[in-house]
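Heads up: the sequence shown runs through residues 2 to 138, numbered per our numbering. Following: one structure in structure tokens, then a few remarks.
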Amino acid sequence: MLAGYKEIVYGVIFGVAAALLDTALDATAEHQTLAAELGSHPGMILYRALFVLLGFFIGWLLWRNNTREREFRKIVADIRRFHHEYESQAVVLHTNLQLLMTKDLQLPPEERAMLQAAYEKSRDLQALAKQRPSLDT
């Protein structure tokens, strides 16, 4: 679950690190330990919680932006996969119709015309399949 929200987790970690760094700097300036600094200024805990909140907010913004990016990449991959499958099916259809056209099936003229029309349409489908969509990311 955390893998999907890693930007938010990193933001919170960044906020906690900033709060700890601020606390450590105040503690060294007053010649106190970290725990003594936290105990002597309880109101500063709220101020330092803002660091964590700010880290969370920045992480959330990054997560939202990256989520859109991941969704876009998934859509592009789906389109490419669809085009590949479409292209292979168009080749199979065209080949099968071509085999039917070459066989002497003794079809009535109407059915022969329908087969010829289907064969022509399969050539159109193959031409469409050869046109690769330009999905530059």
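In this text, a Cβ means the ideal position worked out from N, Cα and C, and glycines have one as well.
Short check: CB of residue i to CB of residue j, under 8 Å?
i, j, result
"residue 11", "residue 44", "no"
"residue 20", "residue 52", "yes"
"residue 117", "residue 91", "no"
Whose C-beta lies closer than 7 Å to the C-beta of residue i among residues of the same chain, with five residues either side of it excluded?
i, result
"residue 24", "35, 38, 39, 49"
"residue 55", "16"
"residue 64", "6, 8, 9"
Count the other C-beta atoms from every protein chain shown that fall within 10 angstroms of the C-beta of residue i, then say buried if there are 16 or more, exposed otherwise.
i, result
"residue 123", "buried"
"residue 93", "exposed"
Could you spell out the range, first to last residue, of the alpha helix (DSSP H) harbouring residue i?
i, result
"residue 110", "110-131"
"residue 75", "45-103"
In chain order, what residues of the same chain have a beta carbon less than 8 Å from the beta carbon of residue i, not counting five sequence neighbours either side?
i, result
"residue 119", "98"
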